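Written out below as structure tokens is the structure these notes cover.
Numbering (my numbering), first residue to last: 910 to 1239.
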């Protein structure tokens, strides 16, 4: 199937303008087990058949299990696989737990493990998953650049960084992508907030566009909240959203006002809230490639409808004016 594409300059190729975030296949929203493997294989196969060819995983998601599921499903295809290092995640058995390790030694070992997990000789796009505040970014990024020189990685990216951190890294080796949260209820990457560490982000979306890098928004649907159909009472105890302030109590009730704005625009276009929320993200620049995640084929198809939705200037003004989210991200 042919779909709208966007360019990844560092890889010299186009990919579908919407990718697939694979974390939820076996971590954070569900467990790493046989059932998640089956559901993951189904959604990955459906994504490929739908023309999607940009997939995002990490060694932190279920301690490498997620990479193995993705690697098996995409073996022998021409898909672009992005993975990450610098965060260490628990294998399973409870809510997600993460710790940082950006030492050169760890990143080098992690790359070799990811190559094995994915079953590839070279990683297309390799992110520093988080900056480790105990390790100078110059050291972490320098180690990753050596992986490019060794032929183990094609291009490098950063995740959840400030403009200043991106500039420092870019002076050592080109930053080909930045992945951060961006949605109608999280606009930090547009210069309207701080990182998880409390540092002012700056307009990292603009910076990537000016430096031949792509911007890859994760959670572009607000972890499902912006679809208006999320029932938090039905979530399993291991689902990370149960611990997030925006999803609970009075904050969740107040945040429904954002969904109401999305609903109004969706009604005008006879579209879905998911398509509208994603279309707004896509409208932030031609170098923006969001990676919504799902294991539900119906939800996946609804997300792809964003590629056919043309928001008007009035729509964008209305959406830009949606209320700010109540509650912190984490």
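Every residue gets a Cβ at the ideal spot worked out from N, C-alpha and C, and that includes glycine. Model, not experiment: these values are computed from the prediction.
| Query | Result |
| --- | --- |
| Is the segment 1076-1090 touching the segment 1099-1118 in the sense that three or more CB pairs, one from each, lie closer than 8 Å? | yes |
| Whose C-alpha, out of 931, 960, 1197, 997, is nearest the C-alpha of residue 1124? | 1197 |
| Output needed for residue 1193: all residues of its chain with C-beta closer than 6 Å, excluding positions within five of it in sequence on either side, in chain order. | 1114 |
| Are the Cβ atoms of residue 1107 and residue 1049 separated by less than 7 Å? | no |
| Going by the DSSP bridge assignment, what does residue 1035 pair with across the sheet? | 992, 1065 |
| Mark residue 1105 as exposed unless 16 or more other C-beta atoms lie within 10 angstroms of its C-beta, in which case mark it buried. | exposed |
| For a test of the three-state rule: what should DSSP assign to residue 1162, helix, strand or coil? | helix |
| For residue 1204, I'd like the list of residues in its chain whose CB is within less than 7 Å of its CB, leaving aside the five on either flank, ordered along the chain. | 933, 934, 948, 949, 952 |
| What does a CB cutoff of less than 6 Å around residue 1163 pick up in its chain, not counting 5 residues either side in sequence? | 1235 |
| Who are the Cβ neighbours of residue 1175 in its own chain at under 8 Å, not counting the five residues just before and after it? | 1181, 1182, 1184, 1185 |
| Between residue 981 and residue 1148, what straight-line distance do the alpha-carbon atoms span, to the nearest angstrom? | 25 Å |
| Would you call residue 984 buried or exposed, if buried means 16 or more other Cβ atoms sit within 10 Å of its Cβ? | exposed |
| Counting along the chain, where does the alpha helix (DSSP H) carrying residue 1229 start and finish? | 1222-1229 |
| Counting C-beta neighbours from all protein chains within 10 Å, is the total for residue 1155 16 or more, i.e. buried, or is it exposed? | buried |
| Taking its Cβ as the centre, do 16 or more other Cβ atoms sit within 10 Å of residue 1016, making it buried, or is it exposed? | buried |
| For residue 1086, list the residues DSSP reports as bridge partners. | 1066, 1123 |
| Run through DSSP, which three-state label would residue 975 get? | helix |
| Report the three-state DSSP secondary structure of residue 1167 (helix, strand or coil). | helix |
| Classify residue 986 as buried or exposed, calling it buried when 16 or more other Cβ atoms lie within 10 Å of its own Cβ. | exposed |
| Spatial neighbours of residue 1046 within its chain, please: C-beta separation below 7 Å, excluding the five flanking residues on both sides. | 1040, 1074, 1077, 1078 |
| Within 10 angstroms of the Cβ of residue 1169, are there 16 or more other Cβ atoms? Answer buried if so, exposed if not. | exposed |
| For residue 1138, count neighbouring C-beta atoms within 10 Å of its own C-beta (all shown protein chains included) and say buried if the count is 16 or more, exposed if not. | exposed |
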